[in-house]
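Written out below as structure tokens is the structure these notes cover.
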Amino acid sequence: MEITKIQLFSYRSYLKQEFEFKSGLNVICGKNAQGKTNLLEAVYFCVVGKSFRASREKEVITIDKDIAKIKVFIKKKTGTSTVEIIFSRNNKKTVKINGIPIKKISELLGEFNGIFFSPDELKLIKESPEDRRRFMDIDISQTTKQYFYILSRYNEVLQNRNKQLKTDIPFDELKNIMQIWNEQLADCALKISKYRQNFVLSLAPYAKKAHAYLTDNAEDLEVEYVGIKEQTKEDIIKKLESNLEKDLQLGYTSYGIHRDDIKVIVNGIDVRTYGSQGQQRTCALALKLAELSIIENVTHSKPVLLLDDVLSELDEGRKKKLLEYCQNTQTLITCTSFDYDVPHNLIQIHKEEV
Ligand SMILES: Nc1ncnc2c1ncn2[C@@H]1O[C@H](COP(=O)(O)OP(=O)(O)O)[C@@H](O)[C@H]1O
Ligand SMILES: [Mg+2]
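Here our numbering is used: the first residue of the sequence shown is 2, the next is one more, and so on.
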């Protein structure tokens, strides 16, 4: 899958502009604040139907304008298509595929596949387990619709259980009440845990391969699912029961899949705690490239790779490898200057004078 063209109309810093992209590496070059990230944001908007940085979507409309529009032109094995998003200050946004408005954002998913990566993605490695759980949850939800429902159910039951832990009901009575919650929680937890285990198992070899490639085999990456050890519903219930006193003291449920994590290990060391910034960035990138491979496997087509400002913290060797990788995957990469001897389509960005 490739993007051949984008048209922008009153979108952030763009009044009316069009950019064409080629296969392989497209380098979007320009000084600070010229609109490089804005351009990638617009492209990714058409992938997922939302912004990676605007919490209030109307902020993408150029100041003083009422309507903004993005239109991307996509080339696939099966033909061409377009995705269009129209923003309005007064109405909800409209998304059109081949000119026809869609009713739900879920209809957009799969129309135009892309993977986005920016320095912010480092939080995937560095920050709390919550970010890595979100990473698993988003990816699994994309291939397994029911996963999302089970997860929502789990969170609902968990909240109810936690509420019970804060009441003053006598212990024996509480133990009885908890039976219902434990039973439901265990049922969901077992399913979620299995999905996550399988997801990490399928991700691991791709991430290992991408990482070996980026580091020229100098470093070895392992990713492991860190979650509940219990493998049956009965065992999970037992564990919840035996933790009741502890949970009462804490005021929350201390055991469960809401504590899951992914361990990222490079050459035997935990990269979250001991890795250098550059190593962490390489791991985050390897995980993203692994995601790309998984989507490619499922859809039989390569997603577009969108890389915002990623060259700065990689050493020369890793930069070269990444740019080499981009030759075979359509990539849009932003930077302030580019002097690498690799085939690329250069797109210079200057802010329009208003
Ligand atoms: N809604 C908007 N209307 C007009 N200009 C905007 C809007 N949103 C952002 N901008 C402008 O876009 C510029 C930042 O663009 P950005 O893509 O982040 O730059 P960079 O090239 O450094 O990645 C800023 O100058 C900002 O003023
Ligand atoms: Mg930027």
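For each residue, glycine too, the CB sits at the ideal point set by N, CA and C. Only a predicted model underlies this, so the values are computations on that prediction, with no experimental measurement involved.
Less than 7 Å separates the beta-carbon of Gln331 from that of Glu3. Between ligand 1 and Arg13, a heavy atom-to-CB distance of less than 6 Å is present. Judged by their CB atoms, Ile7 and Val73 are nearer to each other than the 7 Å cut-off. Ser14 counts as buried, since at least 16 other C-beta atoms from the protein chains shown sit within 10 angstroms of its C-beta. Closest option to Asn92, judged by alpha-carbon separation, among Lys76, Phe113, Ile68, Leu109: Ile68. Excluding the 5 residues flanking it on each side, Gly100 has same chain C-beta neighbours closer than 8 Å at Thr83, Glu85, in chain order. Assigned with DSSP and collapsed to three states, Asn346 falls in strand.
Gln147 has no beta-bridge partner at all, per DSSP. Under the DSSP definition of a beta bridge, Ala69 partners with Phe88. Here the distance from the Cβ of Ile64 to the nearest heavy atom of ligand 1 is below 6 Å. The stretch 260-311 is shown to contain whole beta strand (DSSP E) runs of 3 or more residues at 262-267, 305-309, in chain order. Residue pairing for Leu333: DSSP places it in a beta bridge opposite Asn27, Leu307. Boundaries of the alpha helix (DSSP H) around Thr38: 37-49. For Ile7, the enclosing beta strand (DSSP E) starts and ends at 3-12. Counting only residues whose CB is nearer than 7 Å to a non-hydrogen atom of ligand 2, the list in chain order is Lys37, Thr38, Asp309, Asp310, Thr335.
For the 7 Å CB-CB criterion, Val224 and Ala205 form a contact.
The Cβ neighbour count for Leu152, taken over all protein chains shown within 10 Å, is at least 16; the residue is labelled buried.
Ala291 has its Cβ no nearer than 6 Å to any heavy atom of ligand 1.
For Ala219, the Cβ stays outside the 6 Å cut-off from all heavy atoms of ligand 1. For Gln328, the CB stays at least 6 Å from every heavy atom of ligand 1. The Cβ-Cβ distance between Lys322 and Leu312 does not fall below 7 Å. The stretch 51-60 makes no contact with the stretch 22-29, as fewer than three CB pairs between them are under 8 Å. Listed in chain order, the non-local C-beta contacts of Pro102 below 6 Å within the same chain comprise Thr95, local neighbours out to five positions each way being set aside. Checking the 6 Å criterion, the Cβ of Asn33 is within range of a heavy atom belonging to ligand 1.
In this chain, Leu222 is not harboured by any alpha helix (DSSP H); it is covered by the beta strand (DSSP E) spanning 222-227. The continuous beta strand (DSSP E) containing Val96 extends over residues 95-98.
A residue is called buried when at least 16 other Cβ atoms come within 10 angstroms of its Cβ; Glu42 meets this threshold and is buried. Taking 7 Å as the cut-off, the beta carbon of Val227 is found no closer than this to the beta carbon of Leu186.
The C-beta of Ala291 has 16 or more other C-beta atoms within 10 Å across all chains shown, which makes the residue buried. A direct Cα-to-Cα measurement between Leu249 and Tyr196 gives close to 29 Å.
The beta carbon of Cys327 sits closer than 6 Å to the beta carbons of Leu26 from its chain, once the five residues preceding and following it are set aside; these are given in chain order. Here Gln35 really is in contact with His351; their C-beta atoms are around 6 Å apart, less than 8 Å.
Following the DSSP letters along the chain, one finds Lys240 inside the alpha helix (DSSP H) bounded by residues 234-243.
Note that the stretch 265-283 does not touch the stretch 231-244; fewer than 3 beta-carbon pairs, one per stretch, sit closer than 8 Å.
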